[in-house]
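Each remark here refers to the structure printed beneath this line.
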Amino acid sequence: MRMKEDLKRRALAASIFGPAVFLVFYLFPPIPFLLFLSLFLLFAFLELCRMAAIKDSLLATFLVLSSLFFLLRSRLSFLLFVLLTPCAFLILSLLRGQRTPRTPLDLTGAMTVAVFSELFLALPLFHLFLLKKEGTVFAIFALLSLWAADIAAYLVGRSLGRTPLSPSLSPRKTCEGLLGAILGSTAVAVAMKGMVGLSSSASVLIGICLGLLSQLGDLFESVAKRVFGAKDSSNLIPGHGGLLDRFDSFIFSVPFLYYSLMELR
874 MRMKEDLKRR
884 ALAASIFGPA
894 VFLVFYLFPP
904 IPFLLFLSLF
914 LLFAFLELCR
924 MAAIKDSLLA
934 TFLVLSSLFF
944 LLRSRLSFLL
954 FVLLTPCAFL
964 ILSLLRGQRT
974 PRTPLDLTGA
984 MTVAVFSELF
994 LALPLFHLFL
1004 LKKEGTVFAI
1014 FALLSLWAAD
1024 IAAYLVGRSL
1034 GRTPLSPSLS
1044 PRKTCEGLLG
1054 AILGSTAVAV
1064 AMKGMVGLSS
1074 SASVLIGICL
1084 GLLSQLGDLF
1094 ESVAKRVFGA
1104 KDSSNLIPGH
1114 GGLLDRFDSF
1124 IFSVPFLYYS
1134 LMELR
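Quick look at the structure:
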């Protein structure tokens, strides 16, 4: 009964947010698409700050919005931003004497959030933008294959899951769910192989890797939530959690997909 109610909530939220996100990926030219990604980055960063109990959200907001300038520039500028922003966050935290409920001056926490946001939020979003610049079909390929991995992992894991994947990190994750994720992403990769210029063998290989990496990202976010003592990043999306909960499968998958497609197609 509980699973049915949970499934209904997830399906209702997906029926609202899913088409809207797909239309953004499909219809938006690169620059408006970049603005959408920057807005997503802003709210995801604020979720991370809230989850980590960092009060000074104005500082975080400033740093995230400043990323737009660098994203509009070259890849080198973006990489410099990735490297320098954690340092800026640390220095500004020192100057402002930022405090959290856990420690008098949690500079380690501030640095952790800064590094996490740049490497595991901004970097995947940047590669998603690069996919969009290469062609809308590549961004759609990433979106649909990772959605399929998430949906299949959830359905197979909840209905057939018996073997824990990593009980210490995420008790609900199962090996059967992992297999479902691999099957879901591979099915989409094979179905879209002609659109993105992949051979059959390359599409299967990429599909398998996307399924594995999507679940690795899920486990990685589970570790982050456990460190920060949070169940979900937020309750923004009913039945799904927050933006970070929906984005975790993209963390490692999108950079991998970009370089794989550029190399293999």
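Residues 874 to 1138, numbered by this note's numbering, are exactly what the sequence shown covers, in order.
Positions of the beta carbon are idealized from the N, C-alpha and C atoms, including for glycine.
Predicted model only: the values in this text are computed from it and were never measured.
(1) Drop a sphere of 10 angstroms on the beta-carbon of R1119, count the other beta-carbons inside from all chains shown, and report buried for 16 or more, exposed for fewer.
(2) Can you check whether the CB of P1128 is closer than 8 Å to the CB of P997?
(3) Would the beta-carbon of L907 fall within 8 Å of that of F1002?
(4) Once you ignore the five residues that flank S990 on each side, which residues in its own chain have a CB closer than 7 Å to its CB?
(5) Starting from the C-beta of I1124, find all residues in its chain whose C-beta is less than 7 Å away, skip the five residues before and the five after it, and write them out in chain order.
(6) Roughly how many whole angstroms lie between the Cα atoms of S1095 and A925?
(7) For the alpha helix (DSSP H) that F1059 lies in, which residues bound it at each end?
(8) What are the uninterrupted segments assigned as alpha helix (DSSP H) that are 4 or more residues long and contained completely in the segment 888–931, given in chain order?
(9) Expressed to the nearest angstrom, what Euclidean distance is found between the alpha-carbon atoms of C1082 and A1054?
(10) Tell me which residue opens and which closes the beta strand (DSSP E) that L1038 is part of.
(11) Drop a sphere of 10 angstroms on the beta-carbon of K881, count the other beta-carbons inside from all chains shown, and report buried for 16 or more, exposed for fewer.
(12) Which residues does DSSP pair with S1087 in a beta bridge?
(13) What residues are listed by DSSP as bridge partners for S1043?
(14) Drop a sphere of 10 angstroms on the beta-carbon of G1067, count the other beta-carbons inside from all chains shown, and report buried for 16 or more, exposed for fewer.
(15) Just curious, the alpha helix (DSSP H) that F1123 is in, first and last residue?
(16) How long is the line joining the alpha carbons of P977 and A1097, rounded to whole angstroms?
(17) Does the separation of the CB atoms of R1047 and G1057 fall below 8 Å?
(18) Less than 8 Å between the CB atoms is what I'm expecting for V1061 and L1017, so what's the real figure, rounded?
(19) Measure the Cβ-Cβ separation of S1126 and L1019 and say whether it is below 8 Å.
(20) Within 10 angstroms of the Cβ of R975, are there 16 or more other Cβ atoms? Answer buried if so, exposed if not.
(21) Quick check on V1100: buried or exposed, where buried means 16 or more other Cβ atoms within 10 Å of its Cβ?
(22) Excluding the five sequence neighbours on either side, which residues of its own chain have a C-beta within less than 8 Å of the C-beta of L1028, listed in chain order?
In terms of the structure at hand:
(1) It counts as buried.
(2) With respect to the 8 Å criterion, P997 and P1128 are classified as neighbours on the basis of their beta carbons.
(3) For L907 and F1002, yes; Cβs fall inside 8 Å.
(4) Around S990: F918 and L921.
(5) Contacts found: F993, P997, G1090 and F1093.
(6) Going by the C-alpha atoms only, they are around 13 Å apart.
(7) Checking the sequence shown, residue 1059 turns out to be Thr, not Phe. Following the DSSP letters along the chain, one finds T1059 inside the alpha helix (DSSP H) bounded by residues C1048 to A1064.
(8) For the segment 888–931, whole alpha helix (DSSP H) runs of length 4 or above, ordered along the chain, are 903–924.
(9) Separation of C1082 and A1054 (C-alpha to C-alpha, rounded to the nearest whole angstrom) is 10 Å.
(10) For L1038, the enclosing beta strand (DSSP E) starts and ends at P1037 to S1039.
(11) Exposed, since its Cβ has fewer than 16 Cβ neighbours within 10 Å.
(12) BP columns for S1087 are empty, so no partner.
(13) In DSSP, S1043 forms a bridge with S1039.
(14) The residue is exposed, with fewer than 16 neighbouring Cβ atoms inside 10 Å.
(15) Counting along the chain, the alpha helix (DSSP H) containing F1123 begins and ends at F1123 to L1137.
(16) For P977, the pLDDT reaches just 41, beneath the cut-off of 50, and the residue's location in the model is therefore unreliable, leaving the point undetermined.
(17) The question names Arg, yet the displayed sequence has Thr at residue 1047. If you check the CB distance, T1047 and G1057 do not come in under 8 Å.
(18) Between V1061 and L1017 the beta-carbon gap is near 5 Å, inside 8 Å, which marks them as a contact.
(19) In contact: S1126 and L1019 (Cβ atoms closer than 8 Å).
(20) Residue placement at R975 cannot be trusted, given a pLDDT of 45 that sits under 50; the coordinates are not used to answer.
(21) Counting Cβ neighbours within 10 Å, V1100 comes out exposed, since fewer than 16 surround it.
(22) Hits under 8 Å: G1053.
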